Every structure is written in structure tokens, then in C-alpha cells.
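*Asks:* This is the structure I want to talk about, given as C-alpha cells.
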Ligand SMILES: [Cu+2]
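Have a look at this one:
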């Protein structure tokens, strides 16, 4: 095992307004497990899925109905699970009375299938993207990406997980039983009004920092409980929040192992006690509960705030180990990069920008040659200027996301990145005054976005477009 004695977490980003532990359901409430979406095509190597974007009502708080959005349901969406090499078709029907898009976050597909702001799905129409899965086993996700409206639609519930499996994930001796020992966790924060509403009304601070809720919602439940055996369990964590940065840990100060980052398995499992995830980042972790007895529990937390209680309810008859070696990841060499580009994120609130520009659908900001390795230097200069001086905000972190690719982080502030950031990534947190260098090889053609994944910043225009030809 590596990393056990090192601090593997990246620089901590302070988020104002900690979450309150909000145990609304005193009788305990079970963690909802998003179902695996039915594959309509039984042919080997093919898959076809139906997704319906719909509005609904969700009872987050007992006795209170909340207007929400969901895929094939009232809130969130089912898990799309495919294999590497599969030819995939999706029929996305929009039954909302407004436009939407479905972006496959982390998926390597051509621009037209990416589901960005150009692939608008009008009310009562259907979008039928097709693509071949051309990347390793990973936990990706899907969500709307409508120009200026992404924050609101995601906040109201439009988000789902997208699993890719391959020969490596099927051979690895890790938990794989969906909802039993392989647990999806979509973690978000909400701000409920007195009557249970989650209406998307941004105040001044939301426009500056992004919307921070006061209540954690996991797979759609507040303070849920998960029942498991006393064995190794796998948690697939998605930070599906609009703006909140999480610092995951367990109340027993448990050591756990990160085995995957955004775009797939790490080379080796990394032991840690704290894990930071920025909006849109994913991590798969293994938690060993074999020392626990039936009736004992452990709590998943964000810093000191309780998120979810894990109840050990049964003793396991089998014992799983945590594998050390996971996968070989190809090396990217900086000397192979044919070009270097700079991306400076700055400004605050409605002024947030990249390289001094705000999103323009009619402007291509960067032209890129397909199959060429590039170095991107991403920095965050948002702390300077008026806001910093006036003390309005002490921190303006920006998680930078690039569409259509998985990249590698080679430097964080002049040093090698922490070991759990050395695998495949599609989103990287760039804190105040930080500079991050990444290597990217663009293999798919078309028009794509790069942007800050604080959704209020994205919607304010902190986004640009690149064309791969
Ligand atoms: Cu931002």
C-alpha cells in the first residue's frame, strides 16, 4: 500500500457555511440506491437506453413535497452501465416545458455527441446520440449543460451516474454487487425553504461563491442509513453539488483506500483518512469494515458534519483484501507535448472569466489538432482585485473541467501532484493563486467546452470552446 503515511490530499479549499447535520427522519431512512438502467439491446457489444427528462415531486423532508427534476423518475437518474467497446445508443426524451441537454461528463466522444450547449433538446423532442465506448473502466456521470441554465437544472435533480466496465474491472477482486457492497453515492447540498422548496433563487453570495446549501442530500435522502456486512465495501463518490467542496472522512478516523479517480482506476490503491472532492470530481474508495461487529456503525462525514450512517448488520463469511496493484496507466511525457496553452481564471461573481473572456457560443477560443499531446497551464487569479481587498471573500476556488477527454495532472504549484491525482482526470480543482499543469491528448474531433464546474460560475460565462480537427 502506498501513501499511508503521506498527506495525499491536495491543498484544502475552505468553503464557508459548513453543512448542518440535519437528521430530519428520526426513524432512520434507508439510503436510496439508483437502479441500473435496463439495456434494451441484448446483443453482445451493443447497448440501447431510454432516458426521459421529467419533472416530479420528492419528499426530502417528511410531510413536505418538493418540486424536482429527474431522469426516468422524480429526482436524479438511473445508472447507465456499459462495457468498453460497446456501441451505445441513447434515446433522450425531454418532457419538460423548457429546453435541456444531456452531457456525458468524462466520456470520450465526438463533439456532436457530447451533449454540451450546442446539442439542445427542445421541449417534447428526443435526442438520439450514439457512441462507442473507447476508454477504461470508470465512474462517470451525466447532467444538463444548457447555456446559462446548467446550475438550476442540476440543482433541481438532473444528474445520474455512468459506469464503464472492462477486462480490468471484471478481473479485480473488488466489491461489485450493486447496492450491496458496491454503493453509488451522489452527494449534493440543498437549501430548503420552510415549506420544503429548493427553488433556485441566487443571492449575492451565491453569485460570488456558487450556491452553497445547508443540508446534505445523498442519493436524494437527508442523513440516510446504509446497511452492510462487516466486509470491504466500495463507495463510488460523486460530488454532484453546484459549488461545495467536500472533505470526506469517517468518524472513527478510519483509514480507507482510494482506488479510482475521475477517469478510472489509479495504478495502486492509496491509503488515506481524508479525501477532498471538488464539484464534478469522482472517487471510488474501499472501506474495510471487517473489524466491526454486527450492530456497530461508522459515519461518513464532510469535515465534522455527518453525511451518512453505515450500519454493520451482518457478519460476513468471506474475507476480501484490498488489492495494492490496480492497473497500468500509460505514461505521458511533457517532452512529447507539441504545444502549451495558458488558461487564467479570474474575476468574481458575474465577472468570472477565463483569459479575460466570457462564454460566446459563436466564438472558438482554441483550435487543436487531433491526436496531439498538449500541455495546459491553468491558474486561478480570482483572489486579487476588489473582492480580495474588500474582504468579501477569502477564497474563490475554481474546478476546471475539459470535455471529451481524460487528462493527467503533472504539476500542482510546481510540485508533483498528490498520488491520488496522478490517474485519469477530467476535472481539477485550482485553488486560490494555484497553478496546475496538465497533459491532454485529444482523440475525438468536434467542438467542446472547458469551464469552471462551479455551476453558477459556468452559467455566468466562465467557459470557453475548443475545436478539435
Ligand atoms: Cu469557478
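Residue numbers (our numbering): 15 to 483.
Virtual Cβ for every residue (Gly too), placed ideally from N, Cα, C.
Only a predicted model underlies this, so the values are computations on that prediction, with no experimental measurement involved.
So does the segment 199-209 actually touch the segment 227-235, counting three or more Cβ pairs closer than 8 Å?
*Replies:* yes
*Asks:* Locate the beta strand (DSSP E) running through residue 375, then write down its first and last residues.
*Replies:* In the DSSP annotation of this structure, residue 375 is not part of any beta strand (DSSP E), being labelled neither H nor E.
*Asks:* Check this for me: beta carbons of residue 86 and residue 113, under 9 Å apart or not?
*Replies:* no
*Asks:* Does at least one heavy atom of ligand 1 sit under 8 Å from the Cβ of residue 468?
*Replies:* yes
*Asks:* Would you kindly check if the distance between the Cβ of residue 295 and the Cβ of residue 432 is under 9 Å?
*Replies:* No; because the gap between Cβ atoms is not below 9 Å, this pair is not in contact.
*Asks:* Roughly how many whole angstroms lie between the Cα atoms of residue 101 and residue 145?
*Replies:* 6 Å
*Asks:* Please name the residue, chosen from 317, 310, 464, 131, that lies closest to residue 288 on a Cα-to-Cα basis.
*Replies:* 317
*Asks:* Using 10 angstroms around the beta-carbon of residue 93, count the other beta-carbons present and answer buried if the total reaches 16, otherwise exposed.
*Replies:* buried
*Asks:* Buried or exposed: residue 111, going by 16 or more other Cβ atoms within 10 Å of its Cβ?
*Replies:* exposed
*Asks:* Count the other CB atoms within 10 Å of the CB of residue 326; is the residue buried (16 or more) or exposed (fewer)?
*Replies:* That one is buried.
*Asks:* What residues are listed by DSSP as bridge partners for residue 382?
*Replies:* DSSP lists 482 as partners of residue 382.
*Asks:* Helix, strand or coil for residue 332? Go by DSSP, reduced to three states.
*Replies:* DSSP places residue 332 in coil when its eight states are reduced to three.
*Asks:* Check whether the segment 328-347 and the segment 242-259 touch, using three or more Cβ-Cβ pairs below 8 Å as the test.
*Replies:* yes
*Asks:* Under the rule that 16 or more other beta-carbon atoms within 10 Å means buried, what is residue 40, buried or exposed?
*Replies:* Only weak support is given to the placement of residue 40: the predicted model assigns it a pLDDT of 44, under 50, and the question is left unresolved by the model.
*Asks:* What residue from 410, 372, 279, 440 has the CA that sits closest to residue 474's CA?
*Replies:* Of the listed residues, the one whose Cα sits closest to residue 474 is 372.
*Asks:* Rounded to whole angstroms, how far is the Cβ of residue 168 from the Cβ of residue 469, which I believe are closer than 8 Å?
*Replies:* 6 Å
*Asks:* Could you tell me whether the segment 343-362 touches the segment 413-430, using the rule of 3 or more Cβ pairs below 8 Å?
*Replies:* Enough Cβ pairs lie closer than 8 Å, so yes.
*Asks:* What do you get for residue 364, buried or exposed, if any count of 16 or more other CB atoms within 10 angstroms of its CB means buried?
*Replies:* exposed
*Asks:* Quick check on residue 469: does DSSP put it in helix, strand or coil?
*Replies:* helix
*Asks:* Short check: CB of residue 173 to CB of residue 220, under 9 Å?
*Replies:* no
*Asks:* I'd like to confirm something about residue 224: is its beta-carbon nearer than 8 Å to some heavy atom of ligand 1, or not?
*Replies:* yes
*Asks:* In this structure, does DSSP put residue 433 in helix, strand or coil?
*Replies:* Looking at residue 433 - three-state DSSP - the assignment turns out to be helix.
*Asks:* Where does the unbroken beta strand (DSSP E) through residue 231 begin, and where does it stop?
*Replies:* Unbroken beta strand (DSSP E) run through residue 231: 229-232.
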